[in-house]
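Student: According to the working numbering, the sequence shown holds residues 16 to 671 in order.
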Amino acid sequence: MSPPSALRPPLSAVAPLRQFIIGTAGHIDHGKTALVKALTGVDTDRLPEEKARGITIDIGFAHLSENITIIDVPGHERLIKNMVAGVSTIDLVLFVVAADDGVMPQSREHLDIINLLQIRHGLVVITKTDLADLEWLLLVEEDLRNLLRDTPFAGSEIYHTSTVSGEGISQLREALLQKLADIPPRQDMEVFRQPVDRAFSVKGFGTVITGTVLSGMLKTGDEVEIQPGGVRTRVRGLQSHDREVAEVRAGYRAAVNLAGIDLENVQRGMVLTAPELFAPVSLINARLSLLASAPLPLKNNQRIRFHIHTGEAFARVLIPDAPQLAPGESGYVQLRLEQPVHAAFQDRFIVRQYSPQRTLGGGVVLQTEPFRYRKKYQALFRKTLAQLESDTPAGRISGAFDLIAAEPLKLWQLKTRTNLPLQELQRTVKALIQEEQLFSAGISGKTYYFSRAQLQACLERIVTALEKYHREFPGRAGLSEAEAISRLEKVFHPEALRKALEYGLRTKILVRDHQQYRHASFTPQLSAKDSEKYQATAALYREAKFAPPTVKEILAQLSLTPKEFKELSRLLREAGQLVYIDETLMLHSSTLPELQALLQDFFRDKREITVAEFKELTGTTRKHAIPLLTYLDTNGYTERDGDVRRPGPKIMVNTS
16 MSPPSALRPP LSAVAPLRQF IIGTAGHIDH GKTALVKALT GVDTDRLPEE
66 KARGITIDIG FAHLSENITI IDVPGHERLI KNMVAGVSTI DLVLFVVAAD
116 DGVMPQSREH LDIINLLQIR HGLVVITKTD LADLEWLLLV EEDLRNLLRD
166 TPFAGSEIYH TSTVSGEGIS QLREALLQKL ADIPPRQDME VFRQPVDRAF
216 SVKGFGTVIT GTVLSGMLKT GDEVEIQPGG VRTRVRGLQS HDREVAEVRA
266 GYRAAVNLAG IDLENVQRGM VLTAPELFAP VSLINARLSL LASAPLPLKN
316 NQRIRFHIHT GEAFARVLIP DAPQLAPGES GYVQLRLEQP VHAAFQDRFI
366 VRQYSPQRTL GGGVVLQTEP FRYRKKYQAL FRKTLAQLES DTPAGRISGA
416 FDLIAAEPLK LWQLKTRTNL PLQELQRTVK ALIQEEQLFS AGISGKTYYF
466 SRAQLQACLE RIVTALEKYH REFPGRAGLS EAEAISRLEK VFHPEALRKA
516 LEYGLRTKIL VRDHQQYRHA SFTPQLSAKD SEKYQATAAL YREAKFAPPT
566 VKEILAQLSL TPKEFKELSR LLREAGQLVY IDETLMLHSS TLPELQALLQ
616 DFFRDKREIT VAEFKELTGT TRKHAIPLLT YLDTNGYTER DGDVRRPGPK
666 IMVNTS
């Protein structure tokens with residue numbers, strides 16, 4: 016990245032021009048690079064090997080004007096990976112066929128890839144017209160029209176050019192400018208993403224990456240993440256079309272100078288993103304369409320090459336509804352990647368045969384990091400992906416929550432999973448909350464959302480856990496909130512479980528007594544024998560008042576085992592009959608009002624009480640007095656002041 020020049024003011028200092036990216040496509044040695052040079056004056060073959068062999072090996076770049084970039088791609092069949100990286104972010108394709116060769120294998124494969132990536136705008140060019148006579152040119156044109164018949168370029172004007180004679184170059188340039196003017200703006204996710212197509216180091220500046228901004232905006236000083244991996248860094252500087260700029264936006268070619276990042280940590284195939292919104296992706300639910308010309312059906316669990324943005328990964332394809340996809344067929348699949356990638360909703364991708372390398376088809380990402388597919392998810396799998404393909408905002412939002420763990424989503428995470436315009440998303444979320452299809456929760460000062468389906472899934476697991484618990488402990492009132500969460504927090508987010516408990520109460524599926532949750536159909540019930548022991552234990556504590564017996568004494572008096580006493584004391588606490596003071600002391604709940612009254616009377620005459628006076632007042636021992644006074648301090652009955660206690664807020668003292 017070069018330092019700013021006085022002759023090149025920042026682009027942001029003038030009215031920003033919309034930028035366009037043109038990409039070439041076509042068979043090897045069909046004159047793509049020569050055509051780019053004729054249009055721009057730039058030779059995009061920069062590598063010594065490219066110069067020596069006379070072929071394009073890697074993608075090259077040239078500027079047609081201050082806001083138009085041309086990406087030249089290789090045409091060799093072994094370099095399709097680089098070709099896909101080059102055309103993955105273009106607005107318009109220059110589809111090139113040489114007059115002397117006519118339509119060749121990579122002409123067809125490149126056109127297939129352009130169609131699979133849904134690149135809808137382009138110009139068709141016959142090059143090297145100086146090498147063919149008119150009769151042959153007409154045959155090439157006819158062959159080209161047949162090739163384009165079932166594509167968006169059917170019926171397109173075919174431009175004749177020669178870089179030797181200069182024929183048609185100026186007309187092609189004018190046609191390009193006119194065509195670009197008619198292209199509608201890109202759909203913008205409003206979240207910054209930029210696939211990396213080059214990474215290099217500049218002395219004095221450090222690591223620089225280049226690429227086309229897919230969506231959103233980036234400014235100097237912004238924090239970004241490098242995905243996959245989530246390495247966080249800061250933008251030191253930005254350039255677009257060799258000019259220093261303050262910001263770049265969707266559709267711009269951008270060079271980004273990254274602070275504190277070594278060159279080995281970033282490479283082609285990675286994606287620069289806004290922080291905290293994306294995670295590495297190893298599982299993708301998608302719609303995959305096979306080319307009618309695919310050489311073989313795609314079999315379930317077949318290993319393939321997966322191309323997305325500027326990167327490639329190996330993957331296995333799971334086809335839930337059939338043993339295979341036949342050529343020309345389309346269906347829902349789950350892609351299980353061997354290396355993590357960056358992917359988001361509605362990203363296009365290409366699938367190629369592992370070996371020999373041939374393009375099989377392509378598709379669109381519908382969901383990232385879902386559950387691993389199981390047969391039991393088949394109906395939900397179809398329903399969810401159909402919702403995500405729908406044009407209804409509510410359907411997309413609903414689908415965004417299904418087939419994923421019960422994790423809450425922030426608004427911007429919903430944005431990346433649905434690609435809805437932000438204002439439309441906010442309106443729809445508000446309406447869904449009113450309809451109780453979505454629920455919001457504050458977590459760490461931020462608002463998160465859960466779907467009704469997520470809460471129902473949580474509630475189903477809570478009910479299952481409660482039913483098991485009720486069978487094991489028929490006398491217990493149920494589970495506390497903390498106990499319910501601890502049993503399931505490895506599966507569901509704790510806040511989702513809290514919301515599910517609330518939802519269970521509202522829908523009367525659950526009942527809460529003394530902060531214990533139970534199933535509405537369950538009533539705690541002890542056997543006759545256990546009921547007698549329960550009543551006897553309660554009576555013993557009630558009669559002992561402030562000087563309860565030790566556990567050892569209770570076991571002896573009532574012929575209980577330690578396990579029985581532990582269970583009975585828990586049941587009495589849950590029922591509100593016993594009050595836990597500390598590990599060594601419990602009192603019957605009826606003694607607390609009595610104790611409060613004793614303190615009330617005492618403090619009418621005195622303003623403080625000592626431990627000795629408290630022992631005398633209650634008839635208890637020092638062993639019990641100290642923990643009992645600590646309990647009274649903690650719960651607002653008394654306030655400690657050195658070695659004495661004064662009245663707390665729960666003790667009403669008449670000072671008149």
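We put the beta carbon where it would ideally sit given N, CA and C, even for glycine.
Every value quoted in this text rests on a predicted model; they were computed, and no experiment measured them.
Quick check on DSSP: helix, strand or coil for Arg588?
Tutor: helix
Student: What are the complete beta strand (DSSP E) segments, minimum 3 residues, inside the stretch 440-527?
Tutor: 453-458 and 461-466
Student: Is the stretch 232-246 close to the stretch 285-296, with three or more CB pairs under 8 Å?
Tutor: yes
Student: Measure how close the beta-carbons of His603 and Ala553 come, nearest whole angstrom, since I'm counting them as under 8 Å.
Tutor: That belief holds up - the Cβ atoms of His603 and Ala553 are roughly 7 Å apart, short of 8 Å.
Student: Identify which residue in Leu350, Leu440 and Pro342 has its Cα closest to the Cα of Leu333.
Tutor: Nearest C-alpha to Leu333: Leu350.
Student: Helix, strand or coil for Lys314? Go by DSSP, reduced to three states.
Tutor: strand
Student: Counting pairs of beta carbons, one from the stretch 481-492 and one from the stretch 534-542, are three or more of them closer than 8 Å?
Tutor: yes
Student: Could you name the residues that DSSP lists as bridge partners for Glu155?
Tutor: According to the sequence provided, residue 155 is Val. The question's Glu does not apply to it. Beta-bridge pairing links Val155 to no other residue.
Student: Taking the alpha helix (DSSP H) that Ser122 belongs to, which residues open and close that run?
Tutor: Pro120 to Leu131
Student: Hey, could you find the ends of the alpha helix (DSSP H) Ile95 is sitting in?
Tutor: Note, Ile95: alpha helix (DSSP H), Ile95 to Val102.
Student: Could you check how far apart the C-beta atoms of Ile419 and Phe386 are, in whole angstroms? I think they sit under 8 Å.
Tutor: 7 Å
Student: Starting from the C-beta of Leu573, find all residues in its chain whose C-beta is less than 6 Å away, skip the five residues before and the five after it, and write them out in chain order.
Tutor: Excluding positions up to five away in sequence, the list reads Ala551.
Student: So Ser542 is in the beta strand (DSSP E); what residue range does that whole segment cover?
Tutor: Here Ser542 belongs to no beta strand (DSSP E), and DSSP marks it neither H nor E.
Student: Here's the rule: buried if 16 or more other CB atoms are within 10 angstroms of the residue's CB, otherwise exposed. What is Gly376?
Tutor: buried
Student: Could you spell out the range, first to last residue, of the beta strand (DSSP E) harbouring Asp656?
Tutor: Thr653 to Asp656
Student: Just verifying my parser: in three-state terms, what is the DSSP assignment at Asp277?
Tutor: coil
Student: Are the Cβ atoms of Phe364 and Gly343 separated by less than 7 Å?
Tutor: no
Student: From the DSSP output, which residues share a beta bridge with Asp257?
Tutor: Looking at the DSSP assignment, Asp257 forms no beta bridge with any residue, so it has no partner.
Student: Are Leu503 and Leu512 close, meaning C-beta to C-beta below 7 Å?
Tutor: yes
Student: Anyone know if the C-beta pair for Thr674 and Gly266 falls short of 7 Å?
Tutor: Because the chain is modelled from 16 through 671, residue 674 falls outside the range shown and cannot be assessed.
Student: Quick check on Gln3: does DSSP put it in helix, strand or coil?
Tutor: Any property of residue 3 remains undetermined from this structure, which presents the chain solely from 16 to 671.
Student: Between which residues of its own chain and Val29 is the CB-CB distance below 8 Å, once the five residues before and five after are set aside?
Tutor: Any reading at Val29 must be qualified, since the residue scores a pLDDT of 42, below 50, and its modelled position is unreliable; no value is offered.
Student: To the nearest angstrom, how far is the alpha carbon of Arg201 from that of Arg432?
Tutor: 18 Å
Student: Please name the residue, chosen from Ala394, Val102, Thr649 and Ile85, that lies closest to Tyr595 on a Cα-to-Cα basis.
Tutor: Ranking the options by Cα distance to Tyr595, first place goes to Thr649.
Student: Determine the burial state of Phe321: buried for a count of at least 16 other Cβ atoms within 10 Å of its Cβ, exposed for fewer.
Tutor: That one is buried.
Student: Any contact of the stretch 250-264 with the stretch 78-90, i.e. 3+ C-beta pairs under 8 Å?
Tutor: yes
Student: Assign Phe76 to buried or exposed, taking buried as 16 or more other Cβ atoms, counted over all protein chains shown, within 10 Å of its Cβ.
Tutor: buried
Student: Tell me where the alpha helix (DSSP H) around Arg619 begins and ends.
Tutor: Thr606 to Asp620
Student: Which residues bound the beta strand (DSSP E) around Gln193?
Tutor: It is not in any beta strand (DSSP E) - Gln193 instead sits in the alpha helix (DSSP H) that spans Ile184 to Ala196.
Student: With DSSP as the reference, label Asn161 as helix, strand or coil.
Tutor: It is helical.
Student: Let me make sure I understand the geometry here. Which of Lys548, Gly591 and Leu50 has the alpha-carbon closest to that of Ala40?
Tutor: Leu50
Student: Taking its Cβ as the centre, do 16 or more other Cβ atoms sit within 10 Å of Gly519, making it buried, or is it exposed?
Tutor: Gly519 should be labelled buried.
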